[in-house]
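Have a look at the structure below before the remarks.
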Amino acid sequence: MFGLELSFIWAGIIAFAVLVYVVLDGFDLGIGILFPLTKDESERSVMMNSVSPVWDGNETWLVLGGGGLFAVFPLAYSVVMPALYMPIILMLLGLVFRGVAFEYRWRTERWKPLWDMAFFGGSLTAALCQGIALGALVQGIEIEGRAYAGGWWDWLTPFSILCGVSVAVGYAMLGATWLNLKLEGRIQRHMRSLAWPAAIGTVICMVLVSIWTPFLDNVYFARWFAWPTAGFSVIVPVLLAAVVAGLFFGLRRQQEMRPFLCAQALFVLGFIGIGISFYPHIVPPSLTIVDAAAPDSSLWFALVGTLVLVPMILAYTGYAYWVFRGKIDPSEGYH
């Protein structure tokens, strides 16, 4: 029984790492997605300055989530990777191009438009592929004999594409609300105006995904609509409605903090909804958390180090955001 509890502890740690990555790196990627909608170079520069002190640290959580999956759920890792090779590789390439562009665009004038396009393309590719990979996982991965048994293109379906678009539009909303929080003047008004269509698009996408998901699997349908779990599941849509109201109210009143927090809450509630659908599986529809876990000795060994590292990562992440709190000075550049 204790071994079973340990595997669920680790599932919670990995879920937490993925959620923190989405919360922190989502608006970061969203800034890149918004790049083509800027008016001039000064807007693009100040947008990048708003995340320049923290953008690379945000991706620590992606490494923790992926590394943790490999270490403590090796069976799940061995199934998920062959099923999602293409979107995961494209996501990593997008993050690489985006990271290189982030540094190089400040070192050149002649090639700056090229690096701006690389920053946009890398951000959009990473966001789309994250959503597509999530959609492919939600719709289920075919497993036979503890190994992936599906085809090379099983990840590419209308549902996974919808999830990819949803994540990209949602990240754009996060980026716009972050810039509304961090900037002032003309660019703040511009980003606030972009937050409206991004927020409306995100809500529409979430509604479509939420309606579609229960019909992908009978287990999902029963989880959301059968009693007694339906009594708990109804809480998430109610909270979503309240958060959406707060988001649009904040944008209408030209507030700064509320729209950003409500945009983040949309992703948190969406993540909780996915968890309700998945539990107790780690790879739907047949691989459970307990079945995929490594031996207890491995779980204990990894847990000791994680209990030391995670508070350290949280501490330096929080410190970085605290030090660079407040509005961005357009006269200060990134070096």
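If you're matching positions, the sequence shown starts at 1197 in the working numbering and goes up one per residue. By construction, the Cβ of each residue, glycine as well, lies at the ideal position given by its N, Cα and C atoms. From a predicted model like this one, the values you see are computed outputs, not experimental measurements.
Reference residue i, options the options, closest by Cα
i            : options                   : result
residue 1268 : 1449, 1315 and 1496       : 1496
residue 1347 : 1355, 1291, 1370 and 1332 : 1332
residue 1323 : 1367, 1518, 1419 and 1475 : 1367
residue 1385 : 1448, 1344, 1201 and 1504 : 1448
residue 1313 : 1288, 1501 and 1233       : 1233
residue 1231 : 1270, 1217, 1218 and 1390 : 1390
residue 1216 : 1515, 1463, 1524 and 1520 : 1463
residue 1381 : 1207, 1523, 1205 and 1228 : 1523
residue 1236 : 1309, 1409 and 1444       : 1309
residue 1408 : 1498, 1359, 1396 and 1511 : 1359
residue 1218 : 1370, 1263 and 1298       : 1370
residue 1396 : 1418, 1444, 1299 and 1423 : 1444
residue 1334 : 1475, 1300, 1488 and 1491 : 1475
residue 1182 : 1341, 1229, 1503 and 1493 : Because the chain here runs from 1197 to 1531, residue 1182 falls outside it and cannot be looked at.
residue 1262 : 1344, 1428, 1240 and 1288 : 1288
residue 1300 : 1306, 1311 and 1290       : 1311
residue 1432 : 1304, 1466 and 1418       : 1466
residue 1260 : 1498, 1519, 1494 and 1325 : 1498
residue 1450 : 1392, 1500 and 1422       : 1392
residue 1343 : 1477, 1488, 1245 and 1201 : 1488
residue 1245 : 1435, 1205 and 1298       : 1298
residue 1220 : 1209, 1205 and 1258       : 1258
residue 1205 : 1521, 1519, 1410 and 1490 : 1490
Residues near residue i by beta carbon distance below 8 Å, same chain, minus five either side
i            : result
residue 1362 : 1327, 1398, 1401, 1402, 1404 and 1405
residue 1304 : 1311
residue 1512 : 1253
residue 1200 : Model confidence at residue 1200 stands at a pLDDT of 48, short of 50, so the residue's coordinates are unreliable; what they give is reported in the following sentence. Around residue 1200: 1486.
Closer than 7 Å: residue i CB and nearest the ligand ZN heavy atom
i            : result
residue 1396 : The model on display carries no ligand, and the ligand ZN is accordingly not part of it.
Assumed close pair residue i, residue j - CB separation to whole angstroms, cut-off 8 Å
i            : j            : result
residue 1509 : residue 1256 : 6 Å
residue 1351 : residue 1278 : Not confirmed; about 10 Å, so no contact.
residue 1479 : residue 1285 : About 19 Å; that fails the 8 Å criterion.
residue 1242 : residue 1379 : 6 Å
residue 1394 : residue 1365 : 6 Å
residue 1339 : residue 1430 : No, residue 1339 and residue 1430 are not in contact; Cβ-Cβ is about 31 Å, not under 8 Å.
residue 1486 : residue 1203 : 5 Å
residue 1471 : residue 1211 : 7 Å
residue 1473 : residue 1517 : In fact, because the Cβ distance is near 31 Å, the residues do not count as touching under 8 Å.
residue 1271 : residue 1483 : 7 Å
residue 1239 : residue 1468 : Their Cβ separation, rounded to whole angstroms, is 35 Å, which puts residue 1239 and residue 1468 out of contact at 8 Å.
6 Å CB neighbourhood of residue i in its chain, flanking five on each side removed
i            : result
residue 1541 : Outside the modelled stretch of the chain, which goes from 1197 to 1531, sits residue 1541, for which no answer is possible.
residue 1356 : 1328, 1331 and 1332
residue 1481 : 1336 and 1413
residue 1207 : 1485
residue 1520 : 1249
residue 1410 : 1416, 1417 and 1420
Nonlocal neighbours in the same chain, by C-beta distance under 7 Å from residue i, ignoring five residues either side
i            : result
residue 1273 : 1265 and 1266
residue 1426 : 1420
residue 1454 : 1442 and 1446
residue 1214 : 1261
residue 1503 : none
In chain order, each beta strand (DSSP E) run of at least 3 residues that lies wholly inside the stretch 1445 to 1508 | The DSSP assignment places complete beta strand (DSSP E) segments of no fewer than 3 residues inside the stretch 1445 to 1508 at 1477 to 1479, in order along the chain.
Three CB pairs or more closer than 8 Å across the stretch 1454 to 1465 and the stretch 1430 to 1446 = In this structure the stretch 1454 to 1465 touches the stretch 1430 to 1446; the number of beta carbon pairs closer than 8 Å is three or more.
For the stretch 1311 to 1329 against the stretch 1289 to 1302, are there 3 or more C-beta pairs whose distance is under 8 Å?
-> Taking one beta carbon from each stretch, the stretch 1311 to 1329 and the stretch 1289 to 1302 have 3 or more pairs nearer than 8 Å; the two touch.
With a floor of 4 residues, list each alpha helix (DSSP H) that falls wholly inside the stretch 1304 to 1358, ordered by position along the chain.
-> If we require 4 residues or more, the alpha helix (DSSP H) runs fully inside the stretch 1304 to 1358 come out as 1308 to 1335.
Pair every Cβ in the stretch 1214 to 1230 with every Cβ in the stretch 1249 to 1263, then say whether three or more of these pairs are closer than 8 Å.
-> The answer is yes - the stretch 1249 to 1263 touches the stretch 1214 to 1230, with three or more Cβ pairs under 8 Å.
Can you list the alpha helix (DSSP H) stretches of 4 or more residues lying completely in the stretch 1244 to 1302, in chain order?
-> As far as the stretch 1244 to 1302 is concerned, its whole alpha helix (DSSP H) runs of at least 4 residues are 1251 to 1254, 1256 to 1268, 1270 to 1279 and 1281 to 1300.
Taking only runs of the alpha helix (DSSP H) that begin and end inside the stretch 1214 to 1247, which ones reach a length of at least 4 residues, in chain order?
-> You should have 1237 to 1245.
Contiguous beta strand (DSSP E) assignments of at least 3 residues, all confined to the stretch 1406 to 1450 = At a cut-off of 3 residues, not a single continuous stretch assigned as beta strand (DSSP E) sits fully inside the stretch 1406 to 1450.
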